[in-house]
């Protein structure tokens, strides 16, 4: 199994911590976000990883070299301009060429002890194009799933507006965790180009009848590391043993 770590963002919410480093190299409890993410992937048995990079990308490549790629086969996809999650994944399609096995897609700035084995098994059982780890928590944007656990829309919390990809009688609104398992078939279905969100792509594909499945991850620890306040809370949780890394 291969994986991609999404790490190209500017980390604007983390300033001034990201004034002199990419967000992937911001430390949480004495370890960089990238170290934590790669270590979790390696423990699961993943050794082939591609990481996208943009802001201060040379620092990231130097860091990987200094740490001998953490004992993994690591490539870096350099983005001259930011491509967002979908565009970044599409640019890295070559890394997954020839493979029929699903791969893991993981935001670098989330901390979780999600069981990768369980979400992978769910993906295989559902025969889904993609499986998204979701949980019940407040979020500015919520994904809507029908009673079969399939993506059918999105809700903008501030306005209460629902964007319907596929009509459903009963929907459950859940927050996306930034961790997903994806079939490489998706590369043949990406009609979008340039900068675009992978969630926008998922919504389009759901509307076309492709199965984008929810994996309920409520029992696992999860925290967005996008702000310094959140990092400090994550450090307290690590110290208290509330997250299993």
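Residue numbers (the working numbering): 81 to 325.
Just so you know, even glycine gets a beta-carbon here, dropped at the ideal spot from N, CA and C.
Please read these numbers as outputs of a predicted model, since none were measured by experiment.
Residue of the options minimising C-alpha distance to residue i
i: residue 234; options: 262, 257, 283; result: 283
i: residue 210; options: 141, 128, 260, 103; result: 260
i: residue 272; options: 316, 168, 236; result: 168
i: residue 205; options: 215, 182, 221; result: 182
i: residue 133; options: 110, 159, 125, 123; result: 159
i: residue 177; options: 151, 200, 265, 155; result: 265
i: residue 151; options: 290, 96, 123; result: 123
i: residue 257; options: 215, 309, 148; result: 215
i: residue 229; options: 137, 213, 301; result: 213
i: residue 173; options: 263, 143, 93, 242; result: 263
i: residue 328; options: 317, 319, 321, 310; result: Because the chain in this structure spans residues 81 to 325, residue 328 falls outside the shown range and cannot be described.
i: residue 297; options: 243, 138, 198, 290; result: 198
i: residue 325; options: 196, 136, 280; result: 196
i: residue 135; options: 171, 161, 188, 306; result: 161
i: residue 184; options: 81, 281, 95; result: 81
i: residue 170; options: 306, 290, 274, 302; result: 274
i: residue 95; options: 312, 308, 299; result: 308
i: residue 306; options: 281, 321, 188; result: 188
i: residue 281; options: 231, 320, 148; result: 231
Those residues which DSSP pairs with residue i across a bridge
i: residue 92; result: BP columns for residue 92 are empty, so no partner.
i: residue 157; result: 132
i: residue 187; result: 86
i: residue 98; result: Bridge partners of residue 98: none, in fact.
i: residue 292; result: 210
i: residue 312; result: Partner(s): none; residue 312 has no beta bridge.
i: residue 192; result: 302
i: residue 107; result: 112
Proximity below 7 Å, CB of residue i to CB of residue j
i: residue 108; j: residue 314; result: yes
i: residue 85; j: residue 127; result: no
i: residue 255; j: residue 217; result: yes
i: residue 326; j: residue 98; result: No answer is possible for residue 326: the residues shown for the chain start at 81 and end at 325.
i: residue 156; j: residue 141; result: yes
i: residue 276; j: residue 166; result: yes
i: residue 163; j: residue 154; result: no
i: residue 237; j: residue 220; result: yes
Cβ separation of residue i and residue j, assumed to be a contact under 8 Å, to the nearest whole Å
i: residue 286; j: residue 292; result: 5 Å
i: residue 193; j: residue 323; result: 5 Å
i: residue 83; j: residue 103; result: Contact doesn't hold; Cβ gap of about 18 Å is too wide.
i: residue 295; j: residue 202; result: 5 Å
i: residue 326; j: residue 251; result: Any answer about residue 326 is impossible in this case: the structure gives the chain only from 81 up to 325.
i: residue 304; j: residue 190; result: 6 Å
i: residue 112; j: residue 121; result: That belief does not hold up - the Cβ atoms of residue 112 and residue 121 are roughly 14 Å apart, past 8 Å.
i: residue 131; j: residue 175; result: That belief does not hold up - the Cβ atoms of residue 131 and residue 175 are roughly 10 Å apart, past 8 Å.
i: residue 248; j: residue 226; result: 4 Å
C-beta neighbour in chain C for residue i, strict 7 Å
i: residue 86; result: Absent from the structure is chain C; it holds one protein chain and no more.
Contiguous beta strand (DSSP E) assignments of at least 3 residues, all confined to the stretch 194 to 247: The stretch 194 to 247 contains these whole beta strand (DSSP E) runs: 210 to 215, 221 to 225, 231 to 236, 241 to 244.
Ranges of the alpha helix (DSSP H) found wholly within the stretch 245 to 270, counting only runs of at least 4: Listed in chain order, the complete alpha helix (DSSP H) runs (minimum 4 residues) inside the stretch 245 to 270 are 266 to 269.
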